Ligand SMILES: Cc1ncc(C[n+]2csc(CCOP(=O)(O)OP(=O)(O)O)c2C)c(N)n1
Ligand code: SF4
Ligand SMILES: [Mg+2]
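The structure is reproduced here in C-alpha cells:
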C-alpha cells in the first residue's frame with residue numbers, strides 16, 4: 078500500500094470518505110477544525126454534501142436526519158461541542174441509527190483549553206446523554222490506526238445500527254504521520270429500516286419514543302441484547318511485551334503510544350515492563366486485562382485525566398493486583414521520562 | 007348503481023385515531039396537510055418530522071414514512087434528510103414552544119439557508135403538552151401556569167412574531183399566517199399549505215405556514231369560546247396574511 082503523509086484529523090476525514098461517508102455536518106472548534114475544513118473541501122469532489130451547522134446541537138440532529146434516510150454520516154467536534162451533542166446521541170442510540178462521531182478531546186472542564194486530554198472518558202463510555210444506552214468507543218494511538226478505526230467505525234455503526242465514537246485528542250489530530258489506506262469494499266444494507274418514502278411498502282417509522290413503559294422496556298431490552306453482542310464480538314486491545322513482564326502499564330490512545338516508549342526505555346534498563354492498551358473503550362476489554370494483570374506485581378494506569386479509565390482497570394483487576402495511577406490533567410501531556418521516573422519511584426517503594 | 011366518493015379520509019392519513027382534545031385545531035391541520043399530500047401525489051416520497059409537543063404522535067397519524075425529532079430540532083433533522091436525499095419531500099410539524107423557543111436557532115437558520123423543507127407551525131400561544139405553561143407566543147396579560155399573574159412585558163418580554171422575523175430571510179420562498187376557525191379559513195389554509203409544499207417541490211426555497219390554533223384544554227375554555235377568544239385576541243396580536251410568496255399562482 079502506498080503511504081502518504083497526513084495530519085491525524087485529515088486522515089480521519091479521508092478514511093471516512095473511503096468508508097463511503099458522503100454527508101458531514103459540523104461546527105468549527107479547535108483542535109479539530111481542520112477535519113471540518115477537510116470535509117468541506119473533499120466532499121464536493123466525491124459528490125457528497127458538506128454543511129456547516131449553526132451549532133453542535135443542530136449538527137447532531139442533521140446527522141440523525143441524514144442517517145435515518147439511510148446514508149453514512151459523520152460529524153466531528155471537540156469536548157464542549159460533544160457535550161452539546163449528548164441529547165441527540167441518546168436519540169440516535171435509541172432510534173438505532175448508525176452514525177460516526179469524532180471527539181478530538183481537549184482540556185476541560187468548562188471552556189478549558191485547547192490542548193490534548195482524555196478527560197471526556199466518563200462522558201464517552203458511561204453515557205454522556207440520558208438513558209440506558211451505549212456508544213461504541215474507539216481509541217486510536219497513531220494516525221494509521223485512526224484511519225483503520227474510522228473505517229471500522231462505519232462498519233460497526235451499520236452492523237449494530239449504533240452510534241460509534243472515535244475518541245481522539247489534539248496530539249493525534251495535529252500530528253503528521255505516513256498513512257496507507259486500506260482499499261475496502263463498502264457493503265451495508267439498510268433497506269429494511271431506512272426512511273426512503275413508502276413506495277410499494279407500508280410506511281415505517283424511525284423513533285426513540287414509546288409512551289407505554291412496557292413497550293419502551295421492550296425497546297430497551299433489545300438495545301441491551303445488542304450491547305451484549307457488541308461486548309462479545311467487538312472488544313479490541315493491544316498487548317505489548319506483557320508475557321514476561323513484572324509490571325503492567327495500562328494506557329489508551331495517545332498515552333498508550335507514550336507508554337510504549339516507557340516500556341522500551343525500561344527494557345533497555347533491564348526492567349520487565351509491559352503495556353496493555355485498550356483500543357475499544359466501550360466495550361472495555363475487562364477479561365483480557367484481568368488475565369494480563371494476573372501475577373504481575375503492579376499495574377500502573379496512566380491517563381491524561383484524573384483517573385477516569387482507572388475505574389475500569391479496577392473493575393478488571395478486581396483487587397487481585399496492586400494498582401497505581403499516574404495522570405496529568407487539563408491538556409498537559411506526560412512525557413515518557415516523567416512516567417518512567419514515576420515508575421522507578423514505585424519500584425523502589427516495592 | 008355507481009357511487010362516487012365526494013368526501014373521504016385522505017390516503018395520507020394512517021387511520022390511527024387522533025389523540026387530540028376535543029376542539030383542538032391540531033386535527034384539522036393534520037387533515038389539510040394530508041389532503042395536500044394526496045393532491046400533489048407525493049405520499050410515497052414524503053417524510054414527516056414530528057416535534058415534541060402535543061403533536062409528538064403526528065408521525066403515526068400520517069400514512070407516510072416518519073420520525074420524531076428532539077424538542078426544537080425538527081428542522082435540523084429535516085435538513086439532514088434533505089441534504090442526504092434531495093429527492094424526498096420532507097416536512098416538519100411544530101408547536102410554538104418547539105419552533106419559537108427551544109428551536110429558534112434551528113428555525114432561523116433552516117429558513118435562512120432556504121432548505122427545501124416545509125414547516126407547519128401551530129401557534130396556540132401555550133405549551134399544550136406539558137400542561138399549559140407560557141410560550142414565547144403567549145399574549146400579554148395571558149395567564150398560564152408559569153405566568154400566573156399574566157404575562158407582563160417587563161418580566162417575560164413580548165409575544166414573538168415568527169413570520170415577521172422570518173420574512174426578512176432571503177431563503178424563504180413561502181410564508182403565511184392563517185387560522186382554521188371558519189370554513190373559509192380552512193380553505194385558505196389549505197391553499198397556503200399547498201404553496202409551502204410547492205416551494206419545496208419546485209426547488210424554490212423554505213416554506214412555512216403558521217396556523218393560529220386553539221388549545222381549549224389549557225386555555226380553560228370550551229371549544230366554541232376558544233375559537234371566539236382566538237378571533238378576538240390572537241388575530242389582533244398576530245395579523246393574518248401572506249408574508250412571502252415566490253411560488254406564484256397555479257396555472
Ligand atoms: C429538551 C426538552 N425540554 C423540555 C421538554 C418538555 N416539553 C415537551 S413538549 C414541550 C412544550 C411543547 O409546546 P409546543 O411546542 O407549543 O407544542 P404544543 O404542545 O402546544 O402543541 C416541552 C417544554 C422536552 N421534551 N425536551
Ligand atoms: S392540550 Fe391543547 S394543544 Fe394539546 S391536544 Fe389538547 S387542546 Fe390540543
Ligand atoms: Mg404550543
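Residue numbers (this note's numbering), protein chains in the order written: chain A, 78 to 427; chain B, 7 to 257. All C-beta atoms in this analysis are idealised placements derived from N, C-alpha and C, irrespective of residue type, glycine included. Since the model is a prediction, treat every value here as computed from it, not as a measurement.
Legend entry - Members of the stretch 158-185 of chain A that neighbour chain B once the beta carbon cut-off is set at 8 Å: Hits within the stretch, in order: 164, 165, 168 and 172.
Inset, instruction - Give a yes or no on contact between the stretch 412-420 of chain A and the stretch 336-345 of chain A, applying the rule of three or more CB pairs nearer than 8 Å. - result: Yes, the stretch 412-420 of chain A is in contact with the stretch 336-345 of chain A.
Legend entry - residue 36 of chain B beta carbon near ligand 5 (any heavy atom closer than 6 Å): Because ligand 5 does not appear in the structure shown, any question about it cannot be addressed here, the ligands present being ligand 1, ligand 2 and ligand 3.
Inset, instruction - Taking only heavy atoms of ligand 3 into account, decide whether any of them is closer than 6 Å to the Cβ of residue 2 of chain B. - result: Any question about residue 2 of chain B goes unanswered here, given that chain B covers just 7 to 257.
Legend entry - Per-residue DSSP class, three states only, for residue 129 of chain B: Strand, per DSSP.
Inset, instruction - Using a Cβ cut-off of 7 Å (strictly closer), state whether residue 286 of chain A contacts chain B. - result: Chain B, which has a Cβ nearer than 7 Å to the Cβ of residue 286 of chain A, makes this yes.
Inset, instruction - Excluding the 5 residues preceding and the 5 following residue 78 of chain A in the sequence, name in chain order all residues of the same chain whose CB lies nearer than 6 Å to its CB. - result: Cβ neighbours of residue 78 of chain A beyond the five flanking positions: 257.
Legend entry - residue 221 of chain A, enclosing alpha helix (DSSP H) - first and last residue: Residue 221 of chain A: member of the alpha helix (DSSP H) spanning 220-237, first to last residue.
Legend entry - Rounded straight-line distance, which links the Cα of residue 360 of chain A to that of residue 198 of chain A: If I take the Cα positions, the gap works out to 13 Å.
Inset, instruction - Indicate whether at least one CB of chain A lies closer than 7 Å to the CB of residue 15 of chain B. - result: Judged by the 7 Å Cβ criterion, residue 15 of chain B is not in contact with chain A.
Legend entry - Where residue 32 of chain B meets chain A, residues with beta-carbon distance less than 9 Å: Chain-order list of chain A residues neighbouring residue 32 of chain B: empty, with the shortest C-beta distance near 16 Å, by a criterion of under 9 Å.
Inset, instruction - Kindly examine ligand 2 and report whether one of its heavy atoms sits closer than 6 Å to the Cβ of residue 224 of chain B. - result: Relative to ligand 2, the nearest heavy atom lies less than 6 Å away from the CB of residue 224 of chain B.
Inset, instruction - Could you confirm whether any beta carbon from chain A is found closer than 7 Å to the beta carbon of residue 170 of chain B? - result: Judged by the 7 Å Cβ criterion, residue 170 of chain B is not in contact with chain A.
Legend entry - 7 Å Cβ cutoff, residue 141 of chain A in contact with chain B: With 7 Å as the cut-off, residue 141 of chain A counts as an interface residue toward chain B.
Inset, instruction - Kindly indicate the opening and closing residues of the beta strand (DSSP E) around residue 380 of chain A. - result: Residues 375-380.
Legend entry - Within chain B, partners of residue 134 of chain A - CB distance below 9 Å: Going along chain B in sequence order, the residues near residue 134 of chain A (Cβ under 9 Å) are 76, 78, 79, 82, 111 and 112.
Legend entry - Any non-hydrogen atom of ligand 1 within 6 Å of residue 277 of chain A CB: No.
Inset, instruction - Consider the Cβ of residue 57 of chain A: report whether some Cβ of chain B lies at a distance smaller than 7 Å. - result: Since the first and last residues shown for chain A are 78 and 427, residue 57 of chain A lies out of range.
Legend entry - Proximity test, residue 56 of chain B beta-carbon vs ligand 1 heavy atom, cut-off 6 Å: Taking 6 Å as the cut-off, the C-beta of residue 56 of chain B does not count as close to any heavy atom of ligand 1.
Legend entry - Minimum Cβ-Cβ distance from residue 86 of chain B to chain A less than 7 Å: So, interface residue.
Inset, instruction - Report the residue from A/396, A/284 and A/219 whose alpha carbon sits nearest the alpha carbon of residue 253 of chain A. - result: Restricting attention to A/396, A/284 and A/219, the CA atom closest to the CA of residue 253 of chain A is found in A/219.
Inset, instruction - Output the distance between the C-alpha atoms of residue 120 of chain B and residue 140 of chain A, rounded to the nearest integer angstrom. - result: Taking the straight line joining both Cα atoms gives about 19 Å.
Legend entry - Runs of alpha helix (DSSP H) lying entirely within the stretch 79-104 of chain B, each at least 4 residues, in chain order: Counting only runs of 4+ residues, the alpha helix (DSSP H) found wholly inside the stretch 79-104 of chain B occupies 80-90, in chain order.
Inset, instruction - Note down the Cα distance separating residue 188 of chain B from residue 134 of chain A, rounded to an integer number of angstroms. - result: Distance from the CA atom of residue 188 of chain B to the CA atom of residue 134 of chain A, rounded to whole angstroms, is 39 Å.
Legend entry - Straight-line gap, residue 188 of chain A to residue 243 of chain A (C-alpha atoms, nearest Å): In this model, residue 188 of chain A and residue 243 of chain A are separated by some 21 Å (Cα to Cα).
Inset, instruction - Following the continuous alpha helix (DSSP H) through residue 249 of chain A, name the residue where it begins and the one where it ends. - result: Counting along the chain, the alpha helix (DSSP H) containing residue 249 of chain A begins and ends at 247-251.
Inset, instruction - For residue 129 of chain A, decide whether its Cβ has a neighbour in chain E, counting only Cβ atoms nearer than 7 Å. - result: Absent from the structure is chain E; the protein chains it does hold are A and B.
Inset, instruction - Kindly identify the DSSP beta-bridge partner or partners of residue 176 of chain A. - result: As a beta-bridge residue in DSSP terms, residue 176 of chain A pairs with A/240.
Legend entry - Nearest-angstrom Cα separation, counted from residue 191 of chain B out to residue 106 of chain A: Cα-Cα distance, rounded: 48 Å.
Legend entry - Coil, strand or helix - residue 224 of chain B by DSSP: Helix.
Inset, instruction - Consider the Cβ of residue 115 of chain B: report whether some Cβ of chain A lies at a distance smaller than 7 Å. - result: With 7 Å as the cut-off, residue 115 of chain B counts as an interface residue toward chain A.
Inset, instruction - Would you give the residue range spanned by the alpha helix (DSSP H) that residue 319 of chain A belongs to? - result: Under the DSSP assignment, residue 319 of chain A falls outside any alpha helix (DSSP H); it carries neither an H nor an E label.
Inset, instruction - Taking residue 260 of chain B as the query, report the chain A residues whose CB atoms sit under 9 Å from its CB, ordered along the chain. - result: Residue 260 of chain B is absent from the structure shown; chain B starts at 7 and stops at 257.
Inset, instruction - For residue 230 of chain B, count neighbouring Cβ atoms within 10 angstroms of its own Cβ and tell me buried if that reaches 16, exposed if not. - result: It counts as exposed.
Inset, instruction - Could you check if residue 443 of chain A is buried or exposed, using at least 16 other CB atoms within 10 Å of its CB as the buried criterion? - result: The structure shown does not extend to residue 443 of chain A, since chain A is modelled only from 78 through 427, so no value can be given for it.
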